[in-house]
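Numbering (the working numbering), first residue to last: 59 to 174. Don't be surprised by glycine CBs; every beta carbon is placed ideally from N, CA and C. Take a look at the structure set out below.
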């Protein structure tokens with residue numbers, strides 16, 4: 059798990075390092091949130107990147123700060139946490155598409171936490 063924070067409202071463009079895991083990006087940013095671009099598509103806000111998502115970049119120009127938690131799940135753990143949705147090879151999808159309303163509740167609880 060890793061956390062990213064950018065306090066200045068400036069453009070951010072980060073190349074993500076490839077990793078043999080399913081990766082959850084929990085967007086805790088203010089404003090319009092972050093954008094995830096990959097060969098497998100584009101998504102805004104909290105996302106899940108499957109194995110081999112290709113050239114994955116995180117970026118955007120938020121109105122306020124950027125905050126993001128990156129959580130890597132091994133393939134067996136991804137199946138336990140995400141169920142059949144863990145088979146996302148080569149794609150990036152919205153966390154809400156996977157978890158439904160639980161995604162928004164999780165984001166809210168993490169934003170309200172004093173630290174993560």
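For residue i, the three-state DSSP class (helix, strand or coil)
i, result
"residue 81", "strand"
"residue 92", "coil"
"residue 105", "strand"
"residue 137", "helix"
"residue 166", "helix"
"residue 71", "strand"
"residue 159", "helix"
Beta-carbon separation (whole angstroms), residue i vs residue j, contact threshold 8 Å
i, j, result
"residue 129", "residue 84", "7 Å"
Cα-Cα separation, residue i to residue j
i, j, result
"residue 103", "residue 152", "7 Å"
"residue 161", "residue 73", "24 Å"
Close Cβ partners of residue i (< 7 Å) along its chain, the five nearest in sequence each way excluded
i, result
"residue 77", "130"
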